[in-house]
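Visitor: Please see the structure below; I have some questions.
There are 2 protein chains.
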Amino acid sequence: MADTDELLSIRAAELYYEENKTQDEIGTVLRLTRWKVGRLLAQAKASGFIRIEIVHPRARRLSIERRLREKTGLTDAIVVSSAGVTSDEELQSRTAQAAADYLSGLRPVPRTLGISWGRTLHEVSLHVAQGWANGVNVVQINGGVSLNRRAGTAAATAVTIAHKASGAATLLPSPAILERLDTKNAIEADRSVAAVLNLGAAASAYLFSAGQADQNSALVDSGYLTAEQVAELVRKGAVGDIVGRYIDSNGNIVDPELDGRTVGIQLEQLRHAKTAVAVIAGSSKHAIARAVVGSGLCTVLVTDEETALAVLGDDS
Amino acid sequence: MADTDELLSIRAAELYYEENKTQDEIGTVLRLTRWKVGRLLAQAKASGFIRIEIVHPRARRLSIERRLREKTGLTDAIVVSSAGVTSDEELQSRTAQAAADYLSGLRPVPRTLGISWGRTLHEVSLHVAQGWANGVNVVQINGGVSLNRRAGTAAATAVTIAHKASGAATLLPSPAILERLDTKNAIEADRSVAAVLNLGAAASAYLFSAGQADQNSALVDSGYLTAEQVAELVRKGAVGDIVGRYIDSNGNIVDPELDGRTVGIQLEQLRHAKTAVAVIAGSSKHAIARAVVGSGLCTVLVTDEETALAVLGDDS
DNA sequence: ACCACGGATGCTCAGGTGAGCAACCTAGAC
DNA sequence: GTCTAGGTTGCTCACCTGAGCATCCGTGGT
Numbered sequence: 001m002a003d004t005d006e007l008l009s010i011r012a013a014e015l016y017y018e019e020n021k022t023q024d025e026i027g028t029v030l031r032l033t034r035w036k037v038g039r040l041l042a043q044a045k046a047s048g049f050i051r052i053e054i055v056h057p058r059a060r061r062l063s064i065e066r067r068l069r070e071k072t073g074l075t076d077a078i079v080v081s082s083a084g085v086t087s088d089e090e091l092q093s094r095t096a097q098a099a100a101d102y103l104s105g106l107r108p109v110p111r112t113l114g115i116s117w118g119r120t121l122h123e124v125s126l127h128v129a130q131g132w133a134n135g136v137n138v139v140q141i142n143g144g145v146s147l148n149r150r151a152g153t154a155a156a157t158a159v160t161i162a163h164k165a166s167g168a169a170t171l172l173p174s175p176a177i178l179e180r181l182d183t184k185n186a187i188e189a190d191r192s193v194a195a196v197l198n199l200g201a202a203a204s205a206y207l208f209s210a211g212q213a214d215q216n217s218a219l220v221d222s223g224y225l226t227a228e229q230v231a232e233l234v235r236k237g238a239v240g241d242i243v244g245r246y247i248d249s250n251g252n253i254v255d256p257e258l259d260g261r262t263v264g265i266q267l268e269q270l271r272h273a274k275t276a277v278a279v280i281a282g283s284s285k286h287a288i289a290r291a292v293v294g295s296g297l298c299t300v301l302v303t304d305e306e307t308a309l310a311v312l313g314d315d316s
Numbered sequence: 001m002a003d004t005d006e007l008l009s010i011r012a013a014e015l016y017y018e019e020n021k022t023q024d025e026i027g028t029v030l031r032l033t034r035w036k037v038g039r040l041l042a043q044a045k046a047s048g049f050i051r052i053e054i055v056h057p058r059a060r061r062l063s064i065e066r067r068l069r070e071k072t073g074l075t076d077a078i079v080v081s082s083a084g085v086t087s088d089e090e091l092q093s094r095t096a097q098a099a100a101d102y103l104s105g106l107r108p109v110p111r112t113l114g115i116s117w118g119r120t121l122h123e124v125s126l127h128v129a130q131g132w133a134n135g136v137n138v139v140q141i142n143g144g145v146s147l148n149r150r151a152g153t154a155a156a157t158a159v160t161i162a163h164k165a166s167g168a169a170t171l172l173p174s175p176a177i178l179e180r181l182d183t184k185n186a187i188e189a190d191r192s193v194a195a196v197l198n199l200g201a202a203a204s205a206y207l208f209s210a211g212q213a214d215q216n217s218a219l220v221d222s223g224y225l226t227a228e229q230v231a232e233l234v235r236k237g238a239v240g241d242i243v244g245r246y247i248d249s250n251g252n253i254v255d256p257e258l259d260g261r262t263v264g265i266q267l268e269q270l271r272h273a274k275t276a277v278a279v280i281a282g283s284s285k286h287a288i289a290r291a292v293v294g295s296g297l298c299t300v301l302v303t304d305e306e307t308a309l310a311v312l313g314d315d316s
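Line by line, the protein sequences give chains A and B. If you count by the UniProt record's numbering, then the first sequence holds residues 1 to 316, one letter each, in order. If you count by the UniProt record's numbering, then the second sequence holds residues 1 to 316, one letter each, in order.
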């Protein structure tokens, strides 16, 4: 009987959703009362046989967003749907788009926006709409100018976002990581650098991404670290980096010595920020995303469906 | 504007389908009238952004079935959904189940049912429900006893189906293909074989599957043909076989000489049958399915979603 | 044989929703 | 400036649908 009912509920669902017949008509076809049909349909839904997906690059998963807000202490969460996505690139592009959208809608509009740099942030900058705000100044919060492969990408990111909001960009004229601690101290003490760091520390909102801890990291790519150094960090528990600083799954600095040579905003400053938007997408970044959210390094997370589920601990 | 509307329709769809809010509530959230929301929703549906799938082993694709009936001359078509299917085996199992279901519901109940043999048909026999009919006699319509690897599978298929309908099974005591034409003529002339062939020719319904033309064919497996012979048939245009006879994409016999040595029902007899049910599933059988349906070799097709679309010519 | 009980069934009724229609903008032609 | 055609908007109304409720039925206990 339960078996018959299950089969019937499937037949009813086919007629209802595929052929869009009315429950009454289905009743006639299957020789049931329309109330029975309604109950079968409800049963089919409850059993999870009916899957409704919104297939669109801009589609979001509100239910996952809600769960994220509730389970973690996030102020807000944006989760893009991965329905119909085939490549990781597409997923990252969708997420970048969503981050750009979120930035445009951010209220109050930040007077100063602190940003990091990287592939993700650059893509966000491209998706931001012209005139998304009026007079937002953008300041880089971690070092890294001009060493990376396509020189100027980091600068372009900040400039583009600022320009599209009729604001000015302030670049941080320093490498991301210095080889010697005293060099780092010296450069931080330099007036031009210190001013930018202070500006960054006082930003009204932050937008940053994260890197996974492996040889594909942007820091390796840019020549600040070697693949071996990253492997060593992983051995010490690193799951990835944000603003150039490697953290473990609890959000703690993995290598204080290395961190001491890293120029940019302190994690504690991010942790105490009113608005810190992390944009993290892709299957390789589940661990770092979990660490960032779990240790309160951001107040807003923009991510993809799978990463969001990983953060929630819903994956196997 | 069109862009804004598209985005709005996605937002509306999220709230409607994921959060199941009412159109009125959505109107309040998005600052729209409820009619506008209704139109956005309709637009989202029309644009194909809303995908509703019924995820269940017994789910069918009624819309494809209808198109098949309309576009081809089929009396009936059963198309199982491939939503959530990962392996070809699962797809074939679902299709076999559907064929068994169809057989049970076939009206008028056939007094004599002619069947072929093979992996697919065997699986159908397992899925047929005990007592699916009362007093249906089953007769094999093509040769092939006991030569195949697991001897007796062909016989078991017929016996099982007959037994479950409280009927008797009549086996065709002959190889599928003979090496010499005169041996074939002699065996056909033998009274015990001729009687079965006549019985098969007079069956009130037929149920058969199809094989693809490659080295994985059941006929190769059973030792009736070598892989080289099949390759030669393919060179001549063969796309697969039904009841042991290889046909090209137009449904014509590929090799009349070989066909002359094949024991079993003639294709013309199938073509003129009132009820001929073909069960064909799996990605490797798209071509043969198209040939069978296109040349009127069956009146009913039981298949999977992808194969059905291939038959309709919807694939690239 | 009788009764109590849980689950299924059919119904009422209050919303929710889509089709169809009139009013209204808007943009271009003259 | 005026007019017209096409598209959009807000609305009515009839229909569809889900929640809640009374009833029925079969089962197991006494």
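Here a beta-carbon is modelled for each residue, glycine too, at the ideal position from N, C-alpha and C.
1) Between the stretch 284–292 of chain A and the stretch 3–11 of chain B, do three or more beta carbon pairs fall short of 8 angstroms?
2) ALA276 of chain B and LEU270 of chain B - do their beta-carbons sit closer together than 7 angstroms?
3) Quick one: which chain A residues come within Cβ less than 8 angstroms of ILE54 of chain B?
4) What number of angstroms, rounded off, separates the C-alpha of ARG245 of chain A from the C-alpha of ASP304 of chain A?
5) Considering only residues of the same chain and omitting the five flanking positions on each side of GLY200 of chain A, which have a CB-CB separation below 6 angstroms?
6) At which residue ranges does the stretch 133–180 of chain B contain complete beta strand (DSSP E) runs of 3 or more residues, listed in the order of the chain?
7) Check for me: the beta strand (DSSP E) holding THR112 of chain B runs from which residue to which?
8) If you follow the alpha helix (DSSP H) that ASP88 of chain A is in, where does it begin and where does it stop?
9) For TYR206 of chain A, which beta-bridge partners are listed by DSSP?
10) Can you tell me whether DSSP reads GLY211 of chain A as helix, strand or coil?
11) Can the beta-carbon of ALA213 of chain A be found closer than 7 angstroms to that of VAL230 of chain A?
12) Tell me which same chain residues have a C-beta within less than 8 angstroms of the C-beta of ALA129 of chain B, skipping the five on either side of it?
13) Using a Cβ-Cβ cutoff of less than 8 angstroms, which residues in the same chain neighbour GLY260 of chain A once the five nearest sequence positions on both sides are dropped?
14) Would you mind listing the alpha helix (DSSP H) stretches within the stretch 6–51 of chain A that are 4+ residues and don't spill past its ends, in chain order?
15) Report the CB separation of ALA59 of chain A from GLU14 of chain B in whole angstroms; it is logged as a contact under 8 angstroms.
16) Buried or exposed for GLU89 of chain B, please, with buried defined as at least 16 other CB atoms from any protein chain shown within 10 angstroms of its CB.
17) To the nearest angstrom, how far is the alpha carbon of VAL196 of chain B from that of LEU172 of chain B?
18) Closest to GLY251 of chain B by C-alpha separation, out of B:LYS45, B:GLU306 and B:ALA210, would be which residue?
19) My parser needs the beta strand (DSSP E) runs of 3 or more residues fully inside the stretch 234–272 of chain B; what are they?
20) Looking only at its own chain, which residues have a Cβ that is under 6 angstroms from the Cβ of residue 394 of chain B, when we skip the five neighbours before and after it?
21) Return helix, strand or coil for THR303 of chain B, following the three-state DSSP convention.
22) Using the Cβ count rule (16 or more neighbours within 10 Å means buried), how would you classify ARG61 of chain A?
23) Looking at the unbroken beta strand (DSSP E) that takes in ASP76 of chain A, where does it start and where does it end?
24) Would you mind working out which of B:ILE64, B:ALA156, B:ILE242 and B:GLY27 sits nearest ASP314 of chain B, comparing C-alpha positions?
25) Report, in whole angstroms, the separation of the C-beta atoms of HIS127 of chain A and ALA96 of chain A, which I expect to be a contact under 8 angstroms.
26) In this structure, does DSSP put ARG119 of chain B in helix, strand or coil?
27) Go ahead and pull the three-state DSSP assignment for ASP314 of chain A.
28) So, at 8 angstroms on beta carbons, what are the nonlocal neighbours of GLY131 of chain A in its own chain, with the 5 sequence-adjacent residues on each side left out?
29) From the DSSP output, in three-state form, read off ARG67 of chain B for me.
30) Any beta-carbon of chain A closer than 7 angstroms to the one on ARG60 of chain B?
31) Let me make sure I understand the geometry here. Which of A:HIS286, A:VAL239 and A:VAL300 has the alpha-carbon closest to that of THR307 of chain A?
32) With a CB to CB cut of under 8 angstroms and the five nearest residues on each side skipped, what residues in its chain are close to ILE253 of chain B?
33) In or out: VAL33 of chain A buried (at least 16 other Cβ within 10 Å) or exposed?
34) Just list the residues that DSSP pairs ARG60 of chain A with in beta bridges.
35) Does the stretch 36–56 of chain B come into contact with the stretch 39–55 of chain A, if we say contact requires no fewer than three beta-carbon pairs (one atom in each stretch) closer than 8 angstroms?
36) Identify every residue that forms a DSSP beta bridge with GLU53 of chain A.
Guide: This is what the structure gives:
1) no
2) Translated into positions along the second sequence, residue 270 of chain B becomes position 270. Translated into positions along the second sequence, residue 276 of chain B becomes position 276. Cβ distance < 7 angstroms, so LEU270 of chain B and ALA276 of chain B count as in contact.
3) Counted from its first residue, the second sequence places residue 54 of chain B at position 54. Result: ILE10, ALA13, GLU14, TYR17, GLU18, ALA44, PHE49, ILE50 and ARG51.
4) Here residue 245 of chain A refers to the residue found at position 245 when the first sequence is read from its first residue. Here residue 304 of chain A refers to the residue found at position 304 when the first sequence is read from its first residue. About 23 angstroms.
5) Residue mapping note: residue 200 of chain A aligns to position 200 of the first sequence, counting from 1. Excluding positions up to five away in sequence, the list reads GLY114, VAL139, ILE141 and ILE265.
6) 137–140
7) As a working mapping, residue 112 of chain B is identified with position 112 in the second sequence. First-last of the beta strand (DSSP E) with THR112 of chain B: 112–115.
8) The residue labelled residue 88 of chain A in the question sits at position 88 within the first sequence. From DSSP, the alpha helix (DSSP H) with ASP88 of chain A extends over 88–105.
9) Within the first sequence, numbered from 1, the residue matching residue 206 of chain A stands at position 206. The partner list for TYR206 of chain A (beta bridge, DSSP) reads A:GLY114 and A:ALA276.
10) Working through the first sequence from its first residue, we reach residue 211 of chain A at position 211. In the structure shown, GLY211 of chain A sits in a strand (DSSP, three-state: E or B).
11) Translated into the one-based positions of the first sequence, residue 213 of chain A becomes position 213. Translated into the one-based positions of the first sequence, residue 230 of chain A becomes position 230. A contact, by the Cβ cut-off of 7 angstroms.
12) The residue you call residue 129 of chain B lines up with position 129 of the second sequence. Contacts found: ALA100, SER104 and LYS164.
13) The residue labelled residue 260 of chain A in the question sits at position 260 within the first sequence. Correct list, in chain order: LEU181 and LYS184.
14) 23–30 and 34–46
15) Along the first sequence, one-based indexing puts residue 59 of chain A at 59. Along the second sequence, one-based indexing puts residue 14 of chain B at 14. Sure, about 7 angstroms apart at Cβ, within 8 angstroms.
16) Along the second sequence, one-based indexing puts residue 89 of chain B at 89. GLU89 of chain B comes out exposed.
17) By 1-based counting over the second sequence, the position of residue 196 of chain B is 196. By 1-based counting over the second sequence, the position of residue 172 of chain B is 172. If you take the alpha carbons of VAL196 of chain B and LEU172 of chain B, they lie about 6 angstroms apart.
18) Locating residue 251 of chain B in the second sequence gives position 251, where the first residue counts as 1. The candidate whose alpha carbon is nearest that of GLY251 of chain B is B:ALA210.
19) 238–242 and 245–248
20) What is shown of chain B runs 1 to 316, which leaves residue 394 of chain B out entirely.
21) Mapped onto the second sequence, residue 303 of chain B falls at position 303. Here THR303 of chain B sits in strand by DSSP.
22) By one-based count along the first sequence, residue 61 of chain A stands at place 61. It is buried - the Cβ of ARG61 of chain A has at least 16 other Cβ atoms within 10 Å.
23) For the purposes of this step, residue 76 of chain A is taken as the residue at position 76 of the first sequence. ASP76 of chain A -> beta strand (DSSP E) spans 76–80.
24) What you label residue 314 of chain B is simply residue 314 of the second sequence in a count that begins at 1. Minimum Cα distance to ASP314 of chain B is reached at B:ILE64.
25) Residue mapping note: residue 127 of chain A aligns to position 127 of the first sequence, counting from 1. Residue mapping note: residue 96 of chain A aligns to position 96 of the first sequence, counting from 1. 5 angstroms between Cβ atoms; contact.
26) For the purposes of this step, residue 119 of chain B is taken as the residue at position 119 of the second sequence. Looking at ARG119 of chain B - three-state DSSP - the assignment turns out to be helix.
27) Indexing the first sequence from 1 puts residue 314 of chain A at position 314. Three-state DSSP puts ASP314 of chain A in coil, outside helix and strand.
28) On the first sequence, residue 131 of chain A is found 131 positions in, with the first residue counted as 1. If we look at GLY131 of chain A and ignore the five residues flanking it on each side, its Cβ neighbours are LYS164, ALA165 and SER166.
29) For the purposes of this step, residue 67 of chain B is taken as residue 67 along the second sequence, with counting starting at 1. Looking at ARG67 of chain B - three-state DSSP - the assignment turns out to be helix.
30) For the purposes of this step, residue 60 of chain B is taken as residue 60 along the second sequence, with counting starting at 1. Answer yes: the Cβ-Cβ gap between ARG60 of chain B and chain A drops below 7 angstroms somewhere.
31) The residue you call residue 307 of chain A lines up with position 307 of the first sequence. If we check each option's Cα against that of THR307 of chain A, A:HIS286 comes out closest.
32) The residue you call residue 253 of chain B lines up with position 253 of the second sequence. Result list for ILE253 of chain B: ARG245, TYR246, ILE247, ASP259 and LEU267, in chain order.
33) For the purposes of this step, residue 33 of chain A is identified with residue 33 of the first sequence, where counting begins at 1. According to the sequence as given, residue 33 of chain A is Thr; it is not Val. Exposed is the call here.
34) In the first sequence, the residue the question calls residue 60 of chain A occupies position 60. Paired residues: A:VAL80.
35) yes
36) For the purposes of this step, residue 53 of chain A is taken as residue 53 along the first sequence, with counting starting at 1. In the DSSP output, where bridge partners are listed per residue, GLU53 of chain A has B:ARG51.
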